[in-house]
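2 protein chains.
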Amino acid sequence: MKEENMIITPWEVKGTIDYDKIIKDFGLSLIDEKLYKKLGKCMGNNLFLRRRIFFVHRDLDFILKELEKGNKFYLYNGRGPSGHTHLGHLITFLFAKQLQKAFDVKYLIQLTDDEKFLFKDDLSLEDVEKFTYENALDIIALGFDFERTKIISDLKYAKTMYKQALRVAKKLTFSTARAVFGFTNDTNVGSIFFTSMQSVPAFIESIKQKKKIPCLIPHAIDQDPHFRVARDVLPKLGYYKPASIQCKFLPGLGKGGKMSASEPDTAIFTIDTPKDIERKVMNAFTGGKDTEEEQKKLGGEPEICPVYQYYYFLFEEDDEKLKKRHDDCKKGKILCGECKKELAKRIKKFLAEHQKKREKAKKVIEKFMLED
Amino acid sequence: MKEENMIITPWEVKGTIDYDKIIKDFGLSLIDEKLYKKLGKCMGNNLFLRRRIFFVHRDLDFILKELEKGNKFYLYNGRGPSGHTHLGHLITFLFAKQLQKAFDVKYLIQLTDDEKFLFKDDLSLEDVEKFTYENALDIIALGFDFERTKIISDLKYAKTMYKQALRVAKKLTFSTARAVFGFTNDTNVGSIFFTSMQSVPAFIESIKQKKKIPCLIPHAIDQDPHFRVARDVLPKLGYYKPASIQCKFLPGLGKGGKMSASEPDTAIFTIDTPKDIERKVMNAFTGGKDTEEEQKKLGGEPEICPVYQYYYFLFEEDDEKLKKRHDDCKKGKILCGECKKELAKRIKKFLAEHQKKREKAKKVIEKFMLED
């Protein structure tokens, strides 16, 4: 999808995100109150749900109905290992962890190293293999158990993956792939094939367990095109359409847009040092005024402020405190400097813990990886 | 390439084959007398060479020059396991065996089960896996040793193959693939990717041995488009262009065209019973006249006769005896019935032996297969 300032594909997100337009263009369903309540029964007062960070879906109602019938789903999502993990990447994994806990289900995580090699000119196989390892550490550090949670590297699990991807590929014409992803004559033939690999984890549990198992994919909204293809093809192979629950992007620390690994100073990576964090947060774009005087007089604009969004998405669990921060900002009772300082403190605390767990993950990573 | 009656692509060969046109359109080089002599020094008085069954090449002179410098090549070819092996399929393997013996080189055989699954609507993964096994038996039965000869199933060796194929795929645009293979909007995305897999054995030895090793591919002329692509891409990855020596098709027993697995009564399969062979040969189209009287008076036309071609390609080693058969036919001194009866006898003898060796191959097949 390309729209003046907004570009949103599985490989590029740029410009000011117009979620209403995406929902309409992609044909997504908003999660309605009834569905939120139903989810809430199992998940409790979940931050990502009550703040509408996960806000649209496909067939989530089907997943819950099957569950009631005793047909348990499994979870699947993943990430393209084109660089180090940043805070924005953690959201789908954190939410999947909460879903897994609430529903006691199996969870597959796909690291699409093949995709990133194919789509990024400057990445070698060695690069994507390295980032697969690094990204897996971040996921494990969030606190999964290797009994119910498995990580797939497309390259390391290719014997299993390629064979199943062929079944999808055989049912997917070039013209469909082009229409969905906007391929051109210059697109390489691997990129054209790739979505077949991304669809495999959405039915591989059905193969392993030799029965139809529903699959729920918690993912960021830019990945929807892949699963639109999967929803088209999988029923032709005898599986359920994968369902999804989709989230908004944590904004970058620059002006507008997604946090982007390609602009390293607008993203906070899980391996960043306290100094990095301090610098990036303190240099962030905000919704504040140019001077202290103006700020105190006119107030700030939290609705356009990425710093506020970090509290909203990840760093203020307490709704009342969040509201106070919002209102105080608008009234000019809080200055950007303070607000950033507090955020930097919280991020540093979170990442110090995370980095310890990340180190420990090195000892167990092999237990998580599916390998042929 | 599509030309009135002639269709020749890696997936379809139909109509009367115009080799001159193919050579010109594909840009192939005829093997000249100097090259034949040079090959003959190592291969002796080889039937496939002296009868010009292998007749065109790419960079064969390069292969021989590198050999003189002490840079030994390896052999690679293969087959798409879409059905049982027929006599026409054996030619490239038999010639590779002779090349291997003459030059004492390693030989890789690729069974493109993935290709056949992708390109043939009616074939399942189970079908191509079965034919991979069956075809491998036929190859092993020709008398290879598993020390120097390895068989690749793309599916079974996918972990190794897919990773390397991605490197090729990244350098190959859709427009190039479409121009070479004639893909349309309806082509499935797996078929578009596939040639990347076929190029891998042409450089995999260079990876394993960590130095540039020349690769010679003895193959039937219809496979040239794949290796044209490989010759374009491999130098970009730091490897030699693969060289080739290419052969004509053993004709089918029907009127004109290649022996085709899709028309089972025009092809003699390695698993055919003596009764099958008898029936197929005795029902073959020939270059003979309608009646015995006419034949005796006007003589036959060996140049359009598939029965004669079977002697020429595989079942008459002695050039003088072949010439006598040719001349006797033209003079009407031999009738089609006799000629067919004798051919059926020779094929039955050959296949009775082959089938015994094929049974024995079942015990060693695992030693030949490369598997991840």
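Protein sequences appear in the order of chains A and B. Take the first sequence: its position 22, counting from 1, is numbered 22 in our numbering, and each next residue is one higher. Take the second sequence: its position 265, counting from 1, is numbered 1265 in our numbering, and each next residue is one higher. All C-beta atoms in this analysis are idealised placements derived from N, C-alpha and C, irrespective of residue type, glycine included. All figures in this text were calculated on a predicted structure; none of them were measured in a lab.
Q: Compute the Euclidean distance between the alpha carbons of residue 1133 of chain B and residue 1156 of chain B, then round it to the nearest angstrom.
A: Using only the alpha carbons, I get a separation of about 11 Å.
Q: List the residues that DSSP assigns as beta-bridge partners of residue 1215 of chain B.
A: B/1074
(Q) Mapping the DSSP letters down to three states, classify residue 160 of chain A as helix, strand or coil. (A) helix
Q: Excluding the 5 residues preceding and the 5 following residue 1221 of chain B in the sequence, name in chain order all residues of the same chain whose CB lies nearer than 8 Å to its CB.
A: 1008, 1019, 1022, 1026, 1028, 1056, 1246, 1247, 1248, 1249
(Q) Beta-carbon within less than 8 Å of residue 1326 of chain B's beta-carbon, same chain only, minus the 5 sequence neighbours each way: which residues are those? (A) 1302, 1308
(Q) Runs of 3 residues minimum, wholly inside the region 9-48 of chain A: which ones carry the beta strand (DSSP E) assignment? (A) 12-14
Q) Which same chain residues, not among the five before or five after residue 116 of chain A, have their C-beta less than 7 Å away from its C-beta? A) 80, 81, 82, 123, 128
Q) Is any beta-carbon of chain A found at less than 8 Å from that of residue 1088 of chain B? A) no
Q.
Are the CB atoms of residue 136 of chain A and residue 369 of chain A within a distance shorter than 8 Å?
A. Cβ atoms of residue 369 of chain A and residue 136 of chain A: closer than 8 Å.
Q. Can you tell me the Cα-Cα spacing of residue 1227 of chain B and residue 1278 of chain B, whole angstroms?
A. Taking the straight line joining both Cα atoms gives about 38 Å.
Q: Establish whether the CB of residue 9 of chain A and some CB of chain D are separated by less than 8 Å.
A: Note that chain D does not occur in the displayed structure, where the protein chains are A and B.
Q. Can you list, in chain order, the residues of its chain whose CB lies under 7 Å from that of residue 293 of chain A, leaving out five sequence neighbours each side?
A. none
Q) Mapping DSSP to helix, strand and coil, what is residue 139 of chain A? A) helix
Q) Taking Cβ positions only, does residue 1175 of chain B come closer than 8 Å to chain A? A) yes
Q) What are the complete alpha helix (DSSP H) segments, minimum 4 residues, inside the region 1325-1363 of chain B? A) For the region 1325-1363 of chain B, whole alpha helix (DSSP H) runs of length 4 or above, ordered along the chain, are 1336-1361.
**Q.** residue 1178 of chain B, DSSP secondary structure in three states
**A.** helix
**Q.** residue 347 of chain A versus residue 305 of chain A: straight-line alpha-carbon distance, rounded
**A.** 17 Å
Q: Going by CA-CA distance only, name the one from B/1209, B/1190, B/1310, B/1357 that's closest to residue 1165 of chain B.
A: The shortest CA-to-CA distance from residue 1165 of chain B to any of B/1209, B/1190, B/1310, B/1357 is the one to B/1190.
Q. Going along chain A in order, which residues have a C-beta closer than 8 Å to the C-beta of residue 1196 of chain B?
A. 189, 190
Q: Please compile the residues from chain B whose C-beta is within a distance smaller than 7 Å of the C-beta of residue 185 of chain A.
A: Listed along chain B are 1173, 1174, 1175, each with a C-beta nearer than 7 Å to that of residue 185 of chain A.
Q) Are the C-beta of residue 162 of chain A and some C-beta of chain B separated by less than 8 Å? A) yes
Q | Nearest neighbour of residue 39 of chain A, chosen from A/15, A/16, A/223, A/67 [CA to CA] | A | A/67
Q) Going by other Cβ atoms of all chains shown within 10 Å of its Cβ, with 16 needed for buried, is residue 205 of chain A buried or exposed? A) Under this definition residue 205 of chain A is a buried residue.
Q | Coil, strand or helix - residue 1081 of chain B by DSSP | A | Residue 1081 of chain B falls in the coil class under three-state DSSP.
Q.
According to DSSP, is residue 58 of chain A part of a helix, a strand, or is it coil?
A. strand
Q. Are residue 1213 of chain B and residue 1151 of chain B close, meaning C-beta to C-beta below 8 Å?
A. no
Q.
Tell me the DSSP secondary structure of residue 280 of chain A in three-state form.
A. Shown here, residue 280 of chain A sits in a helix according to DSSP, grouped into three states.
Q | Close-in-space but distant-in-sequence residues of the same chain around residue 1357 of chain B (CB under 7 Å, 5 per side omitted) | A | 1141
Q. Pick from B/1349, B/1270, B/1344, B/1315: whose alpha carbon is nearest that of residue 1139 of chain B?
A. Comparing Cα positions, the closest option is B/1270.
Q: Give the residues of chain B in contact with residue 125 of chain A, contact being defined as C-beta atoms less than 8 Å apart.
A: 1163, 1166, 1167
Q: Using a Cβ-Cβ cut-off of less than 7 Å, give me the residues of the region 133-161 of chain A that come near chain B, in sequence order.
A: 155, 158, 159
Q | Three-way DSSP call (helix, strand, coil) for residue 1244 of chain B in this model | A | strand
Q | Below-8 Å beta-carbon distance, residue 118 of chain A vs any chain B residue | A | yes
Q) Between residue 48 of chain A and the rest of its own chain, which residues show a CB-CB distance below 6 Å, the 5 nearest in sequence each way excluded? A) For residue 48 of chain A, where only same-chain residues beyond five positions count, the Cβ hits under 6 Å are 54, 95.
Q) Who are the near neighbours of residue 43 of chain A in its chain, counting only those whose CB is closer than 8 Å to its CB and skipping five residues on each side? A) 49, 98, 99, 102
Q | residue 239 of chain A in three-state terms, based on DSSP | A | coil
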